[in-house]
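In order, the protein sequences belong to chains A and B.
Count the first sequence with our numbering and you get residues 1 to 401, in order.
Count the second sequence with our numbering and you get residues 1001 to 1219, in order.
In what follows, a structure is listed as structure tokens, so that the remarks can point back to it.
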Amino acid sequence: MTATASFARSIIETSDQIFVLLKQWLVSFLPAAWQPAAGVVLCVAAIVGLFPALFALTTVLERKGLGRIQNRIGPNRVGPLGLLQPLADGIKSLTKEDIVPARADWAVHFLAPLVLVVAVFMGFAVVPMGRNLVLVDMDAGLLFYFAMGASTELAIFMAGWSSRNKYSLLGAMRAVAQMISYEVALLLSTVVVVMMAGSLSLTKIVAAQNQYTWGLPHWYIFTPWGLAGFLMYAIATTAETNRSPFDLPEGESELVAGYHTEYSGFKFALFFLGEYLAMFSVSGLGATLFLGGWSAPFSFLTWVPSWIWFFSKLMLSIFVFIWLRGTLPRLRQDQLMNFAWKFVLPMTLLNLLVAGLWRFMGEGWERWVLCTAILVVAYVVMGRMGMRREHFGPRSYRYAE
Amino acid sequence: MFGEGILKGLAETARNFFGSFVSAERLTTVEYPEQRIAPFEAARVFPFLVYDGEDWLAGLRCVACQICEKECPPQCIFIEKSKDKKPDFVGKPQSYPMRFEIDISVCMSCQICVEVCPFEAIKMDTAFELSTGDRFGGLLLNLTQLAKPNAYYRQIHPTGAAEVDARMAEEMAKAEAKAKTATDAAAKAAADAAATKAADATPAAGDASQSRPDEESRR
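Take a look at the structure:
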């Protein structure tokens, strides 16, 4: 009896730690002095291989999903059910001509997609994708993540500026304005998590959420401030990754393609890749901060390997991203800015106060009622104020009449 | 106001997403090369020339009047008129086209040629798979490629063809009636002439009266 129990436990343990054990086994063939460096290279290779593969899968699933939302079938020509479509797209983008505009700043034009992809990949280094499954367990992981996230803006502006094209430049200007506005809200929405967990380390934040009461997890989304923070985080990241309805920087109906108008071939594919990788990355971070990272949603499901939970949460957020894209029309520039500065930012600031209140009111039902009430009242008041229409009188002309 | 609109929109798209898997009315896509639907009767692509009977050269309705050539807005029709004449469906001698070419890369499918044609000779086709490897010669259709039987016209545009057939049958009947009265008159004249001949015995008058009704029946 105990033998079978311990055998079962070892199976669960092995499947949970399979990637860690695999790495250790592969590294063990090398001399001891090389092992740490080889381990890091192996992890990097895994990340660099895995997420682009996920990107390929997501592009075809997104196109099929959007098709279904519009009552279409979606791509179904290449391979069974169109699943080899990304392969065809990849070959296409590799064989296309790489055009650099005659008067472009070719060095910056060349560097921009690389900077974008590298900066986005760096973010994955600190996100824990399972128990013990993190490349660098940094004490200030969250800070590092946002530092890397902010440098994608640089890449986008490099691309727009170096192309010497008005659409590119306009797209880049829009992108920078939008990303800086929402960067503030993004950072502030995650500060509540840091306040509660008491750490900037993402592994510690997950560990703080990996506890259960009556079989239910202590995920931050199940608290009033956590839910509000998560919603603000979701809005801000949608804007950060230039996804619909915040896809103004590449609004194809106004700006051709925005900052990557002058990119073709594989450089364009890199921008596309960078955009989707950023989406995976913010989804992973959102799951880590608010949805308990790799922890199971119920205590009786903890035997399922932790990395499965992490990637299912990630794919769920991707699904929501696609769903939103299929639903919402694009915002106008003034709506976008008003929304960032007059709604999202005040709400995140208020959320900081609410989180403080929650922390110092101690256990009990009072804090639930009070914190929920504050947030709901603020939401209603700000919603009313934001939606208030200004009524203008009949237009009068000073000179035209 | 507080985001219900977004939720409503999300519900709608979710309904579409799942609905398209279960209900066939939602998913209206026809996967073209494998699946096809019959072209609509009112569909029009490029013009073709109608001929009656078996022999296309003999039965061609076109009389090379060149009205369509003159009316064509993008000027995609080229007609070369014949020097000699041949009888049309009512037996009247008419010119016919030596060359009739339509450049379908120029044609804009406006159907003006069809509307101006007084002889019901040019009609719109519904065939749309006209791609070719030769972009100069392949897109310039000549008389042999353009001529199609009336049976084909009846098949693709049943309503329009029925109207045209009725109109032509009426014309034919009118022409026949006219011919009949003419032949009757001729017969009568011949009888009269015979009577006069019998009376006067002058052959020249009888010949003249016999040749005139013949020409009348042609007209």
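Glycine is no exception: its CB is placed at the ideal position from the N, C-alpha and C atoms.
Predicted model, so just to flag it, every value in this text is computed and none were measured.
Rounded distance between the beta-carbons of residue j and residue i, thought under 8 Å
{"i": "A/Pro-52", "j": "A/Lys-64", "result": "At roughly 19 Å, the Cβ-Cβ gap does not stay under 8 Å, so A/Pro-52 and A/Lys-64 are not in contact."}
{"i": "A/Ala-150", "j": "A/Ala-159", "result": "Contact flag wrong, Cβ pair sits at about 16 Å."}
{"i": "A/Val-176", "j": "A/Ile-156", "result": "7 Å"}
{"i": "A/Val-192", "j": "A/Asn-351", "result": "6 Å"}
{"i": "A/Ala-236", "j": "A/Ala-185", "result": "4 Å"}
{"i": "A/Ser-181", "j": "A/Met-337", "result": "6 Å"}
{"i": "A/Val-20", "j": "A/Asn-132", "result": "5 Å"}
{"i": "A/Leu-285", "j": "A/Val-127", "result": "6 Å"}
Check: residue i C-beta below 7 Å from any heavy atom of the ligand FMN
{"i": "B/Gly-1133", "result": "With respect to the ligand FMN, the structure shown offers nothing to examine, as it has no ligands at all."}
Reduced DSSP category for residue i - H, G, I as helix; E, B as strand; rest coil
{"i": "B/Glu-1080", "result": "strand"}
{"i": "A/Met-138", "result": "coil"}
{"i": "B/Ile-1104", "result": "coil"}
{"i": "B/Val-1050", "result": "strand"}
{"i": "A/Thr-213", "result": "strand"}
{"i": "B/Arg-1036", "result": "coil"}
{"i": "A/Ala-32", "result": "coil"}
{"i": "A/Leu-353", "result": "helix"}
{"i": "B/Glu-1129", "result": "coil"}
{"i": "B/Pro-1149", "result": "strand"}
{"i": "B/Leu-1060", "result": "strand"}
{"i": "A/Pro-329", "result": "coil"}
{"i": "A/Ala-207", "result": "helix"}
{"i": "A/Asp-247", "result": "coil"}
{"i": "A/Met-337", "result": "helix"}
{"i": "A/Arg-103", "result": "coil"}
{"i": "A/Thr-190", "result": "helix"}
{"i": "A/Lys-96", "result": "coil"}
{"i": "A/Tyr-220", "result": "helix"}
{"i": "A/Gln-24", "result": "helix"}
{"i": "A/Leu-291", "result": "coil"}
{"i": "B/Ser-1023", "result": "coil"}
{"i": "B/Thr-1013", "result": "helix"}
{"i": "B/His-1157", "result": "coil"}
{"i": "A/Leu-83", "result": "coil"}
{"i": "A/Val-78", "result": "coil"}
{"i": "A/Arg-359", "result": "helix"}
{"i": "A/Arg-398", "result": "coil"}
{"i": "B/Gly-1206", "result": "No answer about B/Gly-1206 holds up, because its pLDDT of 45 lies below 50 and its placement is not dependable."}
Beta-carbon spacing of residue i, residue j below 8 Å
{"i": "B/Phe-1119", "j": "B/Cys-1076", "result": "no"}
{"i": "A/Ala-278", "j": "A/Leu-314", "result": "no"}
{"i": "A/Ser-162", "j": "A/Thr-261", "result": "no"}
{"i": "A/Val-354", "j": "A/Pro-224", "result": "yes"}
{"i": "B/Ile-1067", "j": "B/Cys-1117", "result": "yes"}
{"i": "B/Thr-1126", "j": "B/Ala-1043", "result": "yes"}
{"i": "B/Val-1050", "j": "B/Ala-1121", "result": "yes"}
{"i": "A/Met-148", "j": "A/Met-179", "result": "no"}
{"i": "A/Gly-49", "j": "A/Lys-23", "result": "no"}
{"i": "B/Lys-1148", "j": "B/Phe-1040", "result": "no"}
{"i": "B/Leu-1139", "j": "B/Ser-1105", "result": "yes"}
{"i": "A/Glu-97", "j": "A/Gly-265", "result": "yes"}
{"i": "B/Val-1045", "j": "B/Met-1124", "result": "yes"}
{"i": "A/Gly-130", "j": "A/Ser-306", "result": "yes"}
{"i": "A/Tyr-276", "j": "A/Thr-58", "result": "yes"}
{"i": "A/Trp-323", "j": "B/Thr-1029", "result": "no"}
{"i": "B/Pro-1097", "j": "B/Ala-1151", "result": "no"}
{"i": "A/Leu-289", "j": "A/Thr-203", "result": "no"}
Paired residues, beta bridge with residue i - DSSP
{"i": "B/Ile-1122", "result": "B/Leu-1049"}
{"i": "B/Pro-1087", "result": "B/Pro-1093"}
{"i": "B/Leu-1141", "result": "B/Ile-1102"}
{"i": "A/Leu-200", "result": "A/Leu-200 is not bridged to any residue."}
Of the residues the options, the one placed nearest residue i, counting alpha carbons only
{"i": "A/Leu-111", "options": "A/Ala-207, A/Val-78, A/Leu-270, A/Phe-339", "result": "A/Leu-270"}
{"i": "B/Arg-1135", "options": "B/Arg-1015, B/Val-1164, B/Asp-1103", "result": "B/Asp-1103"}
{"i": "A/Pro-80", "options": "A/Glu-97, A/Gly-67, A/Val-60", "result": "A/Val-60"}
{"i": "A/Arg-243", "options": "A/Ser-312, A/Leu-170, A/Ile-318, A/Gly-229", "result": "A/Ile-318"}
{"i": "A/Arg-77", "options": "A/Asn-71, A/Phe-222, A/Ile-69, A/Ala-88", "result": "A/Ala-88"}
{"i": "A/Leu-370", "options": "A/Val-381, A/Lys-166, A/Trp-358", "result": "A/Trp-358"}
{"i": "B/Lys-1070", "options": "B/Glu-1115, B/Glu-1031, B/Lys-1085", "result": "B/Glu-1115"}
{"i": "A/Leu-187", "options": "A/Val-206, A/Lys-166, A/Phe-144, A/Lys-204", "result": "A/Phe-144"}
{"i": "A/Ala-228", "options": "A/Ile-91, A/Thr-348, A/Ser-283", "result": "A/Thr-348"}
{"i": "A/Val-136", "options": "A/Phe-146, A/Leu-142, A/Ala-125", "result": "A/Ala-125"}
{"i": "A/Val-118", "options": "A/Pro-36, A/Thr-152, A/Lys-92, A/Ala-140", "result": "A/Thr-152"}
{"i": "A/Gly-82", "options": "A/Thr-190, A/Ser-93, A/Leu-94, A/Glu-62", "result": "A/Glu-62"}
{"i": "B/Phe-1078", "options": "B/Asp-1088, B/Gly-1053, B/Asn-1142, B/Tyr-1153", "result": "B/Asn-1142"}
{"i": "B/Lys-1174", "options": "B/Ser-1095, B/Gly-1091, B/Asp-1084", "result": "B/Gly-1091"}
Interface residues of chain C facing residue i [CB-CB closer than 8 Å]
{"i": "B/Ile-1104", "result": "Absent from the structure is chain C; the protein chains it does hold are A and B."}
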